[in-house]
Amino acid sequence: MDVFLPYLIKILPILGLFILLLLTLRRGRAQGQMIGLLVAYLVAALAIQAVGVIGGLGWWPVALDAQTQAQLDTMGALLSTLLLFHFCLMVSLPNASPLWVLLSLAWALALSLLQNVLFLFGSWLFFSIGAFFLLARGAWKVKQPMQRNLLSYFYPILTLALLNDGLMFYAIGGRENILRLGAAALLTYVVLKTHLPDTRDLTRQFLTYLTTSVLTMLVYLAGTYAAQVVFGAMSGFNPLFAGAVVAVIISIVFSPMLNAVRSGVNRLFRIETYDAAQTLREYSTSISHILDLDKLATVAVGIIMEALEVRKGFLFIVDPELNDAGHKIYRLTGVRGAGNQQKITGVLAGDSQIARFFVEEHDVLLQYDLDFAQNFLDAPISERRWLGSLGLDVYVPIHSKGEWIGLLALGPTGSGRRYTDEDLDLLLAIASQTGVALENARLVENLKKLNTQIREAYAYLDKANHDLATLELTKSNFISIASHELRTPLTVARGYTEMLLENDSLDDAIRGVVKGIHKSILRLHEIMDSMFDIAQLDARTMELHRQEVFVTDLLRSVAQELSGAAAERHQEFSLDIPQLFSIKADPNALRKLFYHLMINAIKFTPDNGKVTVTGRQISANNRDLPEGGVEIIVSDTGVGVDKAFQEIIFTKFYQPGELLNRHSTGKTKFKGSGVGLGLALSRGIVDAHGGKIWVESEGYDEEKFPGSDFHIILPTRSQGESKTVRMASAMKVKL
């Protein structure tokens, strides 16, 4: 056994390194720089150990002299130190360029080719000091507790590796490289484990139990010594009994003593404890009735900052959107809260690892994981840099009804400690309770924005209505002035043409021209009369000269006047009206009303069509007509009226879309365009008499000709003064 023991001691580190390499290859399947460097370090350490063992046992085919062996040892030490240097570079500067690795390896290769032990040793010393410098710089620069904790693990790793190399350089002991095996084991543990135990907590617990153990030992020694001094002279004194009594006393005071020591050590490490249940109850009570987003952010973040001693915090509102390319994104908008006086916004791609984690996992995300975890290394660099620029440590998603609606983001603690599992569980519980409150606050915020938009829209509409009223008044004034001023020259022109037509000596050719002029003047005069009537209705200045009017006789008179126009179109024009009672009305206004309705029916009825005028008496005690009245219906078999436009046709200057720019001097041409005042004037006259007018039609159709029924109801006696309504300008809509 003694013969094989030296061989076993030399081979044991090789087995250990080989096991670590297999474990790394199995556990570190996800590719990454840290895993790659760890594999390289273990392979280098395994090669160094194998070379040393083979050379020490004399298994080389050619014996190695001391200088060659020293050169191989120095090259191996330099290679392992270079790899450790780059480990320190990565953990202290996560975004450092990988060019450093290539440059340093090229430097080591160049020195190896020179085969100068002094240069090799100098480079080893340079990179060893550089590694410690990177760790010290990182500990001073880095603000994240978990990254500082990661850096602290590399101090013992470097120390073990450099001590091993130093002992090897001075030929102290064999070439077993036991210390390098320890460094490799600790390095493998650090790289493969995502969340390392907190060295501060380990140190705190070690000091707590060490101090308690020392105090317990001192109490026991003091107790047994006191018992020996006081009771030692007595004949029945038993040291074992005295020790048992002291042990019982120690067991009684041990728990209070342990708590006292733990409190003292916690104060030494500036660690304050809190009651998680009490904090959760206080949080729930404080936010339950808050409906303002800013206040919710201030209260929510403030309570957490006070309980966990956090330096700063944010509450983000998350809104899913589509970008210009049609891809889903999440827009994060910071709400002004405790420790935050500015609006912060960011965007996460909908398919990025970070957004998917918040949406699917419903778990806490640490900034440390964003920097070092393998599953986040492929996340968009812009998103990682934006989150890293906030200087925060932990992100807690807020969900409501399965949707990601918010993000609670907190910075480092004031004491510099990392967030414990208890802290993260508390934050998850707080985020769960925040979901409902945040959803309600967002609804209220959206309602406020909507109300603001509605008020702005109302203000805009008020201004638009005022402008429209001004424009309408200006237009009405223009119509009134224009129609009034044109009536005089038209009357003069009409008089002269009539005088010429009465002259028997006028040449027939000239007489035909004069007749055409006279006809056009009459048409223009009719249009001016309609415009003047419209202006009076708009200005509410039309005076109705009411008298007894026999509607039946008036309808027959108008029909007789238009019978010729119907005959020109080969239309059947008939009246089916009983002898109606007389009504109190303006006969001239009613004549214009019936004229426009009948001429409109003739115009929009095709040749060989039919126009019918019917009527009936409405008895008294009717709800709308307490004194009774008459109803007149002008029916046709024309193109009809679209249901969507059966109200708008009664507005001024309305023109069916396909009739625009198709003006005709003929009053009865099929679908001939006019001024657009006939139906508007008809409604104004009916309203002035206190009646009603409307149209009924199945729709507009130039093939089936569904026809139209224009209904007019006039009261027997209109109540009070004559009344008119202001009519809006027509909309040019295609029927």
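Start counting the sequence shown at 334; every next residue gets the next number (the working numbering). C-beta: ideal position from N, C-alpha, C; glycine also. Remember, it's a predicted structure, so these values are computed and weren't measured experimentally.
query	result
As assigned by DSSP and simplified to three states, the class of VAL395	Low local confidence applies: a pLDDT of 45 at VAL395 is under 50, so the model's placement there is unreliable, with the coordinate-based value given in what follows. VAL395: coil per DSSP, three-state reduction.
Buried versus exposed call for LEU416 [16 or more other C-beta atoms within 10 Å across all chains shown]	buried
Which listed residue (LEU601, SER588, LEU512) has its alpha carbon closest to that of ARG537	LEU601
Buried or exposed (CB count within 10 angstroms, at least 16 for buried), VAL963	buried
Length of the line joining the Cα atoms of ARG644 and TYR793	46 Å
Simplified DSSP state of LEU426, which is helix, strand or coil	coil
GLY506 versus GLY499 - alpha carbon distance	Reliability fails at GLY506, whose pLDDT of 48 lies under 50, so the model's placement of it is uncertain and the value that follows must be treated cautiously. For GLY506 and GLY499, the distance between alpha carbons rounds to 11 Å.
DSSP three-state assignment for ASP652, whether helix, strand or coil	strand
Assumed close pair GLY1032, ASP975 - CB separation to whole angstroms, cut-off 8 Å	6 Å
Segment limits, alpha helix (DSSP H) that includes ARG533	532-564
ALA593, enclosing beta strand (DSSP E) - first and last residue	Counting along the chain, ALA593 falls outside any beta strand (DSSP E), though it belongs to the alpha helix (DSSP H) covering 572-601.
Reference LEU1073, options VAL668, ASP684, GLU639, closest by Cα	Residue coverage of the chain in this structure runs from 334 to 1068, which leaves residue 1073 outside it and unanswerable.
Beta-carbon proximity check, PHE502 vs VAL424, cutoff 8 Å	no
Alpha-carbon to alpha-carbon, LEU761 and LEU681	21 Å
CA-to-CA distance, LEU512 to ALA396, given in whole angstroms	Its pLDDT being 47, under 50, ALA396 is placed unreliably by the model, and nothing is read from it.
Test item: CB-CB of VAL668 and LEU699 under 8 Å	no
For ILE662, the residue or residues it bridges with in DSSP	GLU654, ALA682
The beta strand (DSSP E) enclosing PHE883, as first and last residue numbers	880-883
N-terminal and C-terminal residue of the beta strand (DSSP E) that SER617 is part of	From DSSP, SER617 is part of no beta strand (DSSP E) but of the alpha helix (DSSP H) over 609-620.
Span separating the alpha-carbon of LEU992 from that of ASN784	Annotation note: pLDDT 46 at LEU992 (below 50); position unreliable, coordinate value reported separately. Whole-angstrom Cα-Cα distance: 43 Å.
Environment of ALA797 [buried if 16+ CB atoms lie within 10 Å]	exposed
Outcome for ILE352 when other beta-carbon atoms lying within 10 angstroms are tallied against a minimum of 16	exposed
Residues of its chain near LEU624, where Cβ-Cβ distance is below 8 Å and the 5 sequence neighbours each way are ignored	ASN773, ALA774, VAL777
N- and C-terminal bounds of the beta strand (DSSP E) containing ARG949	943-951
Beta-carbon gap between GLY635 and GLY744 smaller than 8 Å	no
LEU993, DSSP secondary structure in three states	A caution first: LEU993 carries a pLDDT of 40, below 50, which makes its placement in the model too unreliable to give a value.
Proximity below 8 Å, CB of ARG689 to CB of LEU703	no
Spatial distance of LEU525 from GLN366 (CA atoms)	12 Å
Outcome for HIS732 when other beta-carbon atoms lying within 10 angstroms are tallied against a minimum of 16	buried
Residues near LEU757 by beta carbon distance below 6 Å, same chain, minus five either side	VAL697
Candidates VAL552, ASP837, ILE650, THR824, of which the one nearest HIS851 by Cα	THR824
Paired residues, beta bridge with PHE1112 - DSSP	Nothing can be reported for residue 1112: it is not among the residues displayed for the chain, which extend from 334 to 1068.
is_contact[PRO730, chain D] using C-beta, thresh 8 Å	Within the model displayed, chain D is absent; a lone protein chain is all it includes.
Three-state secondary structure (DSSP) of PHE914	coil
Buried or exposed (CB count within 10 angstroms, at least 16 for buried), TRP457	buried
Buried/exposed call for SER1030, threshold 16 Cβ in 10 Å	buried
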